[in-house]
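Reminder that position 67 of the sequence shown reads as 70 in my numbering, one-by-one numbering, no gaps.
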Amino acid sequence: MAKYTDAKCRLCRREGVKLFLKGARCYSPKCPIERRGGQIPGQHGKKQGRPRLSGYGIQLREKQKAKRFYGILESQFHRYYEESIKSPENTGEVLMQLLETRLDNLVYRLGLTGSRSLARQLVSHGNVLVNGKKIDVPSYGVKPGQVVSVSPRGAKINFVVEALKVENFVLPGWLSRKAVVGKIERFPSRAEIASDIKENLIIEFYSR
């Protein structure tokens with residue numbers, strides 16, 4: 004399976020916003036967005052600054068930002084779009100719900116890891132259970148009523164232990180959790196999805 008292997012902070016700098024790809028580092032003064040003000044990566048970034056974008060360019064950047072925020076590649080992201088347009092509900096909201104209910108994202112939203120990349124690692128290594136059954140597919144779509152938990156072995160992993168110690172963690176209202184066991188109570192409304200992604204621009208991009 005293809006995956007991004009370059010420095011994650013370059014992705015945040017390219018989009019000019021924090022994508023929260025490295026857990027606690029993103030909240031510290033070490034974050035490149037804090038130190039460089041979102042300067043474009045590359046040797047010419049400081050000189051040229053950010054170019055003015057056309058309508059197409061704005062839509063493209065929003066799509067790229069969403070892909071990088073959730074850590075998925077183009078083919079899979081496009082499949083989510085194709086699935087969302089088949090729904091009778093609001094296309095943009097359905098798209099965001101599909102992204103939010105990925106297993107790796109849910110593990111992160113439940114506060115079981117400090118970043119989505121660590122959540123993906125936890126899932127891929129077979130340390131996450133859905134309704135008591137091991138699921139090692141990060142893109143697995145979790146449905147309301149299903150229970151997500153960390154295996155006894157996974158609960159001992161350092162980054163899981165550290166994540167559970169975070170005191171100011173706020174659990175989204177559409178999820179519930181006790182220790183290393185969480186449950187998706189319902190699909191989230193758009194207002195409950197904490198991201199500055201403008202999904203209408205993404206829909207416009209793919210509708211061209």
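Each residue gets a CB set at the ideal place from its N, CA and C atoms; glycine is no exception.
Under 8 Å between C-beta atoms of residue i and residue j
{"i": "L115", "j": "A166", "result": "yes"}
{"i": "T104", "j": "I205", "result": "no"}
{"i": "V133", "j": "Q149", "result": "yes"}
{"i": "K201", "j": "E65", "result": "yes"}
{"i": "I75", "j": "L106", "result": "no"}
{"i": "V131", "j": "G157", "result": "yes"}
Cutoff 7 Å; reference residue i; Cβ partners in own chain excluding five residues on either side
{"i": "P175", "result": "R112, P191 and E195"}
{"i": "P147", "result": "I187, E188, R189 and F190"}
Beta-carbon contacts of residue i that lie in its chain and below 6 Å, excluding the five residues immediately before and after
{"i": "L109", "result": "V145 and V151"}
{"i": "V97", "result": "S87 and S90"}
{"i": "F80", "result": "K70"}
{"i": "E207", "result": "Q62"}
The alpha helix (DSSP H) enclosing residue i, as first and last residue numbers
{"i": "K213", "result": "The displayed coordinates of the chain run from 4 to 211. Any statement about residue 213 would go beyond what the structure contains."}
{"i": "G95", "result": "T94 to E103"}
{"i": "L106", "result": "L106 to R112"}
{"i": "R82", "result": "E77 to I88"}
{"i": "I200", "result": "It is not in any alpha helix (DSSP H) - I200 carries neither H nor E in the DSSP assignment."}
Proximal residues to residue i (C-beta, below 8 Å), its chain only, five neighbours per side dropped
{"i": "E170", "result": "none"}
Proximity to residue i [Cα-Cα], best of the options
{"i": "K70", "options": "A158, M99 and N130", "result": "M99"}
{"i": "Q124", "options": "S142, G58 and W177", "result": "S142"}
Complete runs of the beta strand (DSSP E) confined to the region 121-196 [at least 3 residues]: 131-133, 150-153, 178-181 and 184-187
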